[in-house]
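Colleague: In this note's numbering, the protein residues as written are 18 to 263.
Heads up, the beta-carbon is just placed ideally off N, CA and C, and yes, glycines get one too.
Have a look at the structure that comes next, please.
This is the structure in structure tokens:
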């Protein structure tokens, strides 16, 4: 029998596209339940009533796909709560209509390009996460330019960088250069190296700052657990993630 923990594990693969963090870690999953006959119900919430509808649509659609793929789930309902476009998003995802049809007259294209743009930012941020410890250990920027992914010590950050690069079709094998252009996949040349590393650093700092803002706003809105039991010090009250097996 499918249980709610399996749903939560599946939801852990769903990311906020802008922040490149799982919705489970961010506290965006209010509840997930599954009935004995395989009906899954997921409730999502966001930091503000006016969070961008395109970002919200991506998360709801990805949550639907992730939960629907869990063995034993026969029907899935994903509901975004307390958002100005909740009805449109929830209805569009349930009908598998896509973003442009769901927001007919307001949207002119699907969200593939937007998703790719954010994954490119995640590649840049991931590059900084992998390079920073190497530089701290005494490697020079010239050293980094010569490294391949296979020559970098194993780490969760390296795995994450490989995964994001693979999503974009960029080189991600052991023989791939550590430093590549996030759009073309070409190795970064010596002349472009300082700017590339600077952009990677700024992108990572920006993502982490935005993540902190979102967590704080979610807590201010709901007094909620901010993901994986993490809060800024307030009482959790009744705001723990609800997981139930019916």
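#1: How far does the alpha helix (DSSP H) with residue 49 in it reach, from first residue to last?
#2: Could you tell me which residues DSSP pairs with residue 38 in its beta bridges?
#3: Rounded to whole angstroms, what is the Cα-Cα separation between residue 110 and residue 211?
#4: Tell me which same chain residues have a C-beta within less than 6 Å of the C-beta of residue 156, skipping the five on either side of it?
#5: Suppose the cutoff is 7 Å on Cβ atoms and the five residues either side in sequence are ignored; what does the same chain contact list for residue 126 look like?
#6: Mapping the DSSP letters down to three states, classify residue 165 as helix, strand or coil.
#7: Within its chain, find whatever has a CB closer than 8 Å to the CB of residue 251; leave out the 5 residues flanking it on each side and keep chain order.
#8: Take residue 138 as the anchor and find which of 48, 233, 225 and 42 has the nearest alpha-carbon.
#9: For residue 92 versus residue 55, is the C-beta distance shorter than 8 Å?
#10: Give every residue of the same chain whose Cβ lies closer than 6 Å to the Cβ of residue 220, excluding the five residues on either side of it in the sequence, and list them in chain order.
#11: How big is the Cα-Cα spacing for residue 101 and residue 73?
#12: From what residue to what residue does the beta strand (DSSP E) around residue 65 run?
Modeller: In short, the structure shows the following:
#1: Premise fails: residue 49 lies in the beta strand (DSSP E), 46 to 51, not in any alpha helix (DSSP H).
#2: Residue 38 is bridged to 33.
#3: It is roughly 43 Å from the alpha-carbon of residue 110 to the alpha-carbon of residue 211.
#4: Same-chain partners within the cutoff: there are none.
#5: Cβ neighbours of residue 126 beyond the five flanking positions: 117.
#6: Residue 165 sits in a strand when the DSSP states are folded into three classes.
#7: Only weak support is given to the placement of residue 251: the predicted model assigns it a pLDDT of 31, under 50, and the value that follows is read from those uncertain coordinates. By the criterion of a C-beta distance shorter than 8 Å, residue 251 is surrounded in its chain by 236 and 240, once the five residues flanking it on both sides are discounted.
#8: Of 48, 233, 225 and 42, the residue nearest in Cα terms is 225.
#9: Yes. Within cutoff.
#10: Answer for residue 220: 138, 141 and 142, listed in chain order.
#11: Straight across, the Cα-Cα distance linking residue 101 with residue 73 is about 11 Å.
#12: Run containing residue 65: none; DSSP gives neither H nor E here.
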